[in-house]
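Below: the structure, in structure tokens.
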DNA sequence: AATAAGGTTTCATTATTTGGAACAATCCGA
DNA sequence: TCGGATTGTTCCAAATAATGAAACCTTATT
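Chains as they are written, first to last, in the UniProt record's numbering: chain A, 1 to 263; chain B, 1 to 263.
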């Protein structure tokens, strides 16, 4: 037996440590100084220093000599291109998102699960043109977004338990579910219902309906949501969009399964 | 003295090897089997196997159990979001690209240099909406694209020499420059001229004019190009767009320098 | 000029990676 | 159904690379 499952705990080997450092740099969202990183990482000075050097050499980080700061490197952009095309639903789902966007005229998100968090891989704005990398690649919490709850609800039991454990419950709004028990009950309800709602749990005034994208075998591939504001629409109004949403989710699932690379 | 410069040769340490494997997987552009990778990498079986396991554990690769294939993982997409925002000119350049696109009505590329290759970080199509990750993150050759030549021309002498060495000259068309000497002469001319042209060197019927984006100190930050086809326009026609192009390049450079992160 | 803070290098110790070879599982043609 | 490939996985002693405390530079600060 082997563990092919996703790394819940920490680091295997040097590579793991290096990648943790990558995350640390990326998480900051701005160029970081050595000392800042040192404060957060629990590696000794010399170790962290060498990891940073290696990553910089490899183009995974860039180092600004003038300001003495590290930032994520362009090699990532190149690699991500491949990842987005191959491992995300986005390229397959694109035409379906376009159609749904046209039909409902609201903001649409396509998301997948990554390390207990929601990773947005594509988006359509209510009207405006789409926003490149600045939107795709964004992450969000699992426990208080429509897509997050939709995906977690349909995870196999043990994966679901792991995912719940990874949540860092924080009360973004008065309606946020702030503990594992409440979340579990909600997920049961979602599983029964087939879709999930975000009832202003992440942001005041923002609501959404979301559906999981499930493979024929029931595996969670991702989730799809329609988002709006309480000023434009209501939860009941979103409920009316449910058929369009679930149909699109089904179509994406089918397309993904049938297209699995020619060869 | 230290080597902070980019890795021209190969691997430092385990991390380097792991990242090489990442490249190998990403380069294929489709899910890969263990044996395929084994054939190309010069690592022994067991070593490659463990590297793949580590990367999979880390979410840098995904493993499809059914098909026994590896593909780039979603963790990359998350990291790339940060990279694109912080290390690329794209977020800063966006409004300028929009304006230029509006003005000239042709395809526009924003590129940066990565390991001797051209990395496209943003794009505007002649008319259609833009194309997310499917366009950003793409790579192209340095020696036969307008942006590639524009950037190489303005590199410091030793970096330029390195970059030229990394080119894998291939005659895409009869007009492609196919050796280092021809390329060097061309780069001299470009440096004198201030802009570069792609005279159907990469693809028959496709021409472009490109300008480097240079910092106040003369460092190459990227390049900007306007692309068209010989059916729509001519090299002389592109020459007329030169002022718009170089002005935009200058504006982007200024914006990039003045905005260098508040803090 | 002295002190502090941030960053870089050294080197003996320690832990991880290595890879040949044995092992298991799966596929294929007869 | 049976060999014989082919492909993927595990072992373990030897080789190698990572470690981190401390010393050492190098800029800022007073």
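Here a beta-carbon is modelled for each residue, glycine too, at the ideal position from N, C-alpha and C. This structure is a prediction, so every number in the text was calculated from the model and none was measured.
Presumed contact (8 Å Cβ cut-off) between residue i and residue j, rounded CB distance
i: residue 69 of chain A; j: residue 32 of chain A; result: 6 Å
i: residue 97 of chain B; j: residue 222 of chain B; result: 12 Å between Cβ atoms; not a contact.
i: residue 167 of chain B; j: residue 142 of chain B; result: 6 Å
i: residue 51 of chain B; j: residue 26 of chain A; result: Not quite, the Cβ-Cβ distance comes to about 22 Å (not below 8 Å), so this is no contact.
Rounded straight-line distance, which links the Cα of residue j to that of residue i
i: residue 172 of chain B; j: residue 63 of chain B; result: 35 Å
i: residue 234 of chain B; j: residue 44 of chain A; result: 60 Å
i: residue 73 of chain B; j: residue 136 of chain A; result: 14 Å
i: residue 17 of chain A; j: residue 252 of chain A; result: 36 Å
i: residue 112 of chain B; j: residue 121 of chain B; result: 7 Å
i: residue 132 of chain A; j: residue 250 of chain A; result: Unreliable placement is indicated for residue 132 of chain A, whose pLDDT of 46 sits below 50; the coordinate value is still reported in the next sentence. Going by the C-alpha atoms only, they are around 25 Å apart.
i: residue 258 of chain B; j: residue 162 of chain B; result: 30 Å
i: residue 84 of chain B; j: residue 59 of chain A; result: 13 Å
i: residue 77 of chain A; j: residue 23 of chain B; result: 12 Å
i: residue 169 of chain A; j: residue 144 of chain A; result: 9 Å
i: residue 215 of chain B; j: residue 150 of chain B; result: 14 Å
i: residue 217 of chain B; j: residue 207 of chain A; result: 49 Å
i: residue 124 of chain A; j: residue 181 of chain B; result: 48 Å
i: residue 95 of chain B; j: residue 154 of chain A; result: 41 Å
i: residue 48 of chain B; j: residue 34 of chain B; result: 9 Å
i: residue 201 of chain B; j: residue 176 of chain B; result: 4 Å
i: residue 101 of chain A; j: residue 93 of chain A; result: 12 Å
i: residue 183 of chain B; j: residue 20 of chain B; result: 28 Å
i: residue 274 of chain A; j: residue 38 of chain B; result: In the structure as shown, chain A starts at 1 and stops at 263, and residue 274 of chain A therefore has no counterpart that could be examined.
i: residue 159 of chain B; j: residue 174 of chain B; result: 28 Å
i: residue 55 of chain B; j: residue 139 of chain A; result: 21 Å
i: residue 119 of chain B; j: residue 114 of chain A; result: 26 Å
i: residue 236 of chain A; j: residue 99 of chain B; result: 41 Å
i: residue 36 of chain A; j: residue 67 of chain A; result: 13 Å
i: residue 190 of chain A; j: residue 126 of chain A; result: 26 Å
Residues sharing a beta bridge with residue i, DSSP
i: residue 43 of chain A; result: Its beta-bridge partners do not exist; DSSP assigns none.
i: residue 144 of chain A; result: Answer is none; residue 144 of chain A lacks a bridge partner.
i: residue 222 of chain A; result: A:213
i: residue 72 of chain B; result: B:61
i: residue 227 of chain B; result: B:107, B:208
i: residue 77 of chain A; result: The partner list for residue 77 of chain A (beta bridge, DSSP) is empty, contrary to what the question assumes.
i: residue 139 of chain A; result: A:119
i: residue 32 of chain A; result: A:70
Residue i (DSSP reduced to helix, strand or coil)
i: residue 66 of chain A; result: coil
i: residue 252 of chain B; result: helix
i: residue 3 of chain A; result: Residue placement at residue 3 of chain A cannot be trusted, given a pLDDT of 30 that sits under 50; what the coordinates show is reported in the next sentence. Three-state DSSP puts residue 3 of chain A in coil, outside helix and strand.
i: residue 104 of chain A; result: helix
i: residue 195 of chain A; result: coil
i: residue 114 of chain A; result: strand
i: residue 122 of chain B; result: strand
i: residue 88 of chain A; result: coil
i: residue 232 of chain B; result: coil
i: residue 96 of chain B; result: helix
i: residue 53 of chain B; result: helix
i: residue 156 of chain B; result: coil
i: residue 243 of chain A; result: helix
i: residue 19 of chain B; result: helix
i: residue 188 of chain B; result: helix
i: residue 168 of chain A; result: coil
**Message:** With three or more C-beta pairs closer than 8 Å as the rule, is the segment 192-200 of chain A touching the segment 232-247 of chain A?
**Reply:** Contact between the segment 232-247 of chain A and the segment 192-200 of chain A is present, with at least three C-beta pairs closer than 8 Å.
**Asked** Three or more beta-carbon pairs under 8 Å between the segment 103-120 of chain B and the segment 224-241 of chain B, yes or no?
**Response** Contact check between the segment 103-120 of chain B and the segment 224-241 of chain B: three or more CB pairs, one atom from each, fall below 8 Å, which counts as touching.
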